[in-house]
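Everything on this sheet refers to the single structure shown next.
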Amino acid sequence: MSDIAIRIRESYLNRRRFLGASAAATGALALGRFARPAHAQDLPTVVNSIRSLSNPYHATWNAGGEAFAAWAGAEYVTLVTEGDSEKGVADIKAMIARTGGNMVLNVDPNDSADARPIVEACAEAGVYCVTQWNKPDDLHPWDHNPYYVSHISFSGVPAGKAMAEALFAKMGGSGGIVALGGILSNVPAIERKQGLDQALAENPNVELLDFQTANWDPNQALEITNTWLTRFGDDIKGIWAANDGMGLAALEALRAEGLAGKVPVCGIDGIQLAVEAVLAGEFSGTVAWDPFWQGSIGLSIGYHAKLGKFDPATEPPEHREFYGTGIIITADNAQEYYDNNILSSPQLDFEDIWGRVSGQIQYN
Amino acid sequence: MTAAADAVSPQGSAWERWRRRLGPWAPVLVLVLLSIAIGIANDRFFSFGNLSRIADAASIPLVLGLGITFIIIMGSIDLSIEGVLSFGAVVLSLLVLNGVNDNDFGLLGVVIVLAIGAGMGFVNGAIHVGLRIPSFMATLGMWFVGVGIGNAILGGIQVRVNDELIRALALERLFGFKYQVWVALLALAGAFVIERYTRFGRYIYAIGGGEDLADLSGIKVRRIRILAFTLAGAFYGLGGVMAVAQQGSAFALIGSDRLFTTVTAVVVGGTALMGGAGGVLNTLVGALIVVVLDNGMVLMGVSPYVQQIVLGVLIVVAVAMSVDRIRTRIVK
């Protein structure tokens with residue numbers, strides 16, 4: 005994985021050095037056009053801008069981008085911010101200059117504030133762009149018609165709720181549970197907890213014995229679970245965790261007491277070890293955000309707008325700012341997900357751009 | 209100096225004498241009172257099951273604390289705990305039987321990790337002494353380097369560890385306590401011997417009490433300093449092995465929050481940050497106080513918001529108790 009990261013970074017750095025040598029932007033533009041293969045001459049370059057290639061989440065995102073570019077026959081470029089907002093914005097502007105605006109951008113902005121300068125630069129150059137996860141609440145795609153096509157995010161509420169329901173089902177619908185939350189002030193932590201609360205309200209036979217925050221930290225989750233085993237003992241029939249890392253740690257605490265597989269645990273995020281725990285019958289479920297979809301469909305939306313397949317300005321608001329759909333993984337589909345998404349790359353219909361819209365984004 | 213203080217305020221001096229006599233036992237007293245209070249609130253606290261869990265929870269902070277105790281006695285600080293632990297854990301997970309590659313080095317993997325820990329500690333010491341960089345900065349650098357390399361190697365994934373020998377530390381028991389508790393006690397015994405019965409141990413106190421004097425009396429201060437950091441690194445490496453055993457997997461952030469817990473344990477146990485006082489037995493008591501407090505708050509159902517406040521207050525109070533205000537003239 006890191007090999008790929010290095011290779012992409014190197015090729016990108018070489019390109020920048022090359023650009024630097026040819027002083028005039030127009031010159032660079034001309035060279036860029038020559039460098040491209042003939043059949044892709046008029047196709048826009050498809051560009052993913054992400055944080056890093058050294059985490060599995062964004063590496064999978066990038067694989068999605070590559071797959072989409074191969075499908076479209078377009079040139080593909082990955083820009084990496086390495087957590088540096090200024091680099092992120094500057095690299096995107098450099099790419100716009102290099103392609104003369106003939107590109108499509110799918111960006112996971114390093115920080116909410118970065119989305120505005122990125123979108124403005126794109127709108128000015130006529131580049132169709134899609135943002136994901138981070139943007140200021142008062143920046144909307146329809147402010148920059150038609151170039152700012154969509155913003156995609158994911159709500160933690162349905163994920164938290166679905167996991168709670170899967171957990172309750174595995175417990176037989178009644179009994180006491182304990183819950184591990186993320187950082188108190190974190191939006192995903194708050195949303196996932198809301199989902200849990202909704203599920204609890206609908207299932208009066210399930211009692212929340214205690215809720216503790218482990219701050220997304222497996223170490224804290226392990227210690228808290230250990231103490232719960234003293235405090236509640238056999239009354240614990242299930243453990244709800246706001247992410248996989250904490251859930252896996254809780255599972256290890258159970259294992260040390262010989263309870264792994266007997267007391268179900270759930271997580272969220274869909275990391276490999278969690279899916280394996282579902283397969284082993286120790287996790288009741290997890291939710292995958294499917295970064296492969298984010299990296300490919302994010303490009304596909306902008307690409308289809310660029311090719312004039314639809315007009316963003318006339319699309320309904322729920323296509324402009326929407327929650328994607330997390331994939332709920334339980335014992336029923338874990339093997340299928342494992343084979344298709346973890347052992348190999350998933351097959352997606354890249355023309356089905358609105359297939360996973362699950363509602364317009366709500367602001368508090 | 210004490211005579212002068214006596215002359216100014218005889219009452220204060222009586223209090224000081226009491227405090228000096230009681231001082232070393234204050235952490236033990238705190239631990240006992242805390243345990244009794246929690247035991248009254250929840251009778252499950254004193255159950256054997258819970259005491260065994262407290263021992264489990266204290267074993268990693270204790271091992272890490274043993275290492276940093278030597279550094280703090282010298283009046284220095286070591287912030288590299290999380291870096292060394294994480295890097296050690298990541299390397300270990302890839303050397304022993306795991307879910308990513310075909311390695312199966314077993315015990316040799318553990319030895320390699322201890323050596324890596326010692327090596328990182330040696331680099332800490334060498335940079336600190338050789339380049340005359342404050343220990344604070346040198347070890348801060350090692351913290352980030354360690355976690356950074358761990359991150360670069362794993363790229364954010366979590367590696368499952370299947371080595372039965374290592375997992376046994378956290379899953380198998382001897383006389384009702386997990387193996388890791390016994391390992392921590394062995395480490396404590398080793399550290400105690402080093403502290404009390406070796407020249408190195410005595411020199412550390414001499415350096416912490418007054419480095420100039422120690423230097424003048426012929427102690428090779430630089431060499432002792434490097435040795436202390438090396439030793440501390442080996443303890444952090446052991447902490448890494450135990451953390452992997454507990455989590456059943458390794459990830460780059462496996463060390464997170466360990467520094468805070470460890471330094472709290474050492475200071476609460478009565479080892480002064482100014483150097484020259486305290487010891488590994490204090491660290492044992494300190495680690496137990498921190499763990500008992502955590503355990504007690506969850507047992508009593510204290511809200512997570514309040515828990516952080518309690519821990520913060522505890523640190524300030526502990527430091528306030530351990531500071532010798534007569535000897536300390538300047539506070540920076």
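Protein chains in written order, with this note's numbering: chain A, 5 to 368; chain B, 209 to 540. All C-beta atoms, glycine included, are put in the ideal place defined by N, C-alpha and C.
Check	Outcome
List the whole-angstrom C-beta distance separating M282/B from I412/B, where the pair is believed to meet the contact cut-off of C-beta under 8 Å.	5 Å
Tell me which residue opens and which closes the alpha helix (DSSP H) that Q216/A is part of.	Unbroken run through Q216/A is the beta strand (DSSP E), V210 to T217; no alpha helix (DSSP H).
Are at least three pairs of beta-carbons, each pair with one atom in the region 315-333 of chain B and one in the region 435-444 of chain B, less than 8 Å apart?	yes
May I ask which residues mark the beginning and end of the beta strand (DSSP E) holding A460/B?	It is not in any beta strand (DSSP E) - A460/B carries neither H nor E in the DSSP assignment.
Using a 10 Å radius around the Cβ and a threshold of 16 neighbouring Cβ atoms, would you call L239/B buried or exposed?	buried
Give the residues of chain A in contact with G356/B, contact being defined as C-beta atoms less than 9 Å apart.	None at all; the shortest Cβ gap to chain A is about 10 Å.
Over the uninterrupted beta strand (DSSP E) stretch that includes T470/B, give me the two end residues.	From DSSP, T470/B is part of no beta strand (DSSP E) but of the alpha helix (DSSP H) over R466 to V476.
Would you call the CB atoms of V355/B and G291/B closer than 8 Å?	yes
According to DSSP, E325/A sits in a beta bridge with which residue or residues?	H155/A
Of all the options H308/A, G289/A, L226/A and D112/A, which has the alpha carbon lying nearest to the alpha carbon of N503/B?	L226/A
Does any CB atom of chain B fall closer than 8 Å to the CB of D356/A?	no
Does DSSP put G289/A in a helix, in a strand, or in coil?	strand
With a threshold of 7 Å on Cβ separation, who are the neighbours of R40/A within its own chain once the five nearest residues in sequence on each side are excluded?	With a pLDDT of only 44 at R40/A, under 50, the local geometry of the prediction cannot be trusted, and the value read off the model is given with reservation. So the qualifying residues of the chain are E79.
Under a Cβ-count criterion, where at least 16 other Cβ atoms within 10 Å of its own Cβ denotes burial, should I244/B be classed as buried or exposed?	exposed
Is the separation between the beta-carbon of V304/B and that of G296/B shorter than 8 Å?	no
Cutting at 7 Å between CB atoms, please list the residues of its own chain near L373/B, excluding the five before and the five after it.	G314 and L315
Listing by chain order, which chain B residues have their CB less than 9 Å from the CB of N209/A?	None at all; the shortest Cβ gap to chain B is about 22 Å.
Give every residue of the same chain whose Cβ lies closer than 8 Å to the Cβ of V161/A, excluding the five residues on either side of it in the sequence, and list them in chain order.	E195, R196, Q198, G199 and Q202
Please list the residues of the region 497-510 of chain B that have a C-beta atom closer than 7 Å to any C-beta atom in chain A, keeping them in chain order.	D502, N503, V506, L507 and G509
Using a C-beta to C-beta distance shorter than 9 Å, which residues of chain A count as neighbours of Q388/B?	Going along chain A, no residue has its Cβ under 9 Å from Q388/B, so there is no contact; the nearest lies around 10 Å.
8 Å is my cut-off, CB to CB: does A338/A come that close to chain B?	no
Counting contacts by CB-CB distance shorter than 8 Å, is L379/B in contact with chain A?	yes
Since P48/A and K313/A should fall inside the 8 Å C-beta cutoff, what is the C-beta to C-beta distance between them, to a whole number of angstroms?	With 8 Å as the limit, P48/A and K313/A do not qualify as a contact, their Cβ atoms being about 13 Å apart.
Is it a yes or a no for the region 468-478 of chain B touching the region 359-379 of chain B, going by three-plus beta-carbon pairs under 8 Å?	no
What residue range does the alpha helix (DSSP H) around V389/B cover?	Y387 to Y405
Given H308/A, which residues of its chain have a CB within under 8 Å of its CB, disregarding the five upstream and five downstream residues?	F314, E355 and I357
With a threshold of 8 Å between beta carbons, is G456/B in contact with chain E?	Structure shown: chain E not included; protein chains present are A and B.
Give me the chain A residues within the contact set of D465/B, using Cβ-Cβ distance strictly less than 9 Å, ordered along the chain.	N219, D221, N223 and Q224
With the cut-off set at 8 Å, would you say I275/A and Q366/B are in Cβ contact?	yes
Would you mind working out which of V521/B, N258/B, A395/B and L302/B sits nearest L188/B, comparing C-alpha positions?	Absent from the model: residue 188/B. The displayed extent of chain B is 209 to 540, so no value can be given.
Under the DSSP definition of a beta bridge, which residues are partnered with M107/A?	T49/A
Taking Cβ-Cβ distances shorter than 8 Å, what residues in chain A pair up with A297/B?	Within 8 Å Cβ-Cβ: nothing; A297/B doesn't reach chain A, min ~11 Å.
Just to check my reading of the structure: F158/A and G330/A have Cβ atoms closer than 8 Å, yes? What is that Cβ distance to the nearest angstrom?	6 Å
Could you work out which residues of chain B lie near P60/A, taking near to mean beta carbons separated by less than 8 Å?	G363, G364 and I365
Pairing CB atoms from the region 143-154 of chain A with CB atoms from the region 164-181 of chain A, are three or more of them under 8 Å?	no
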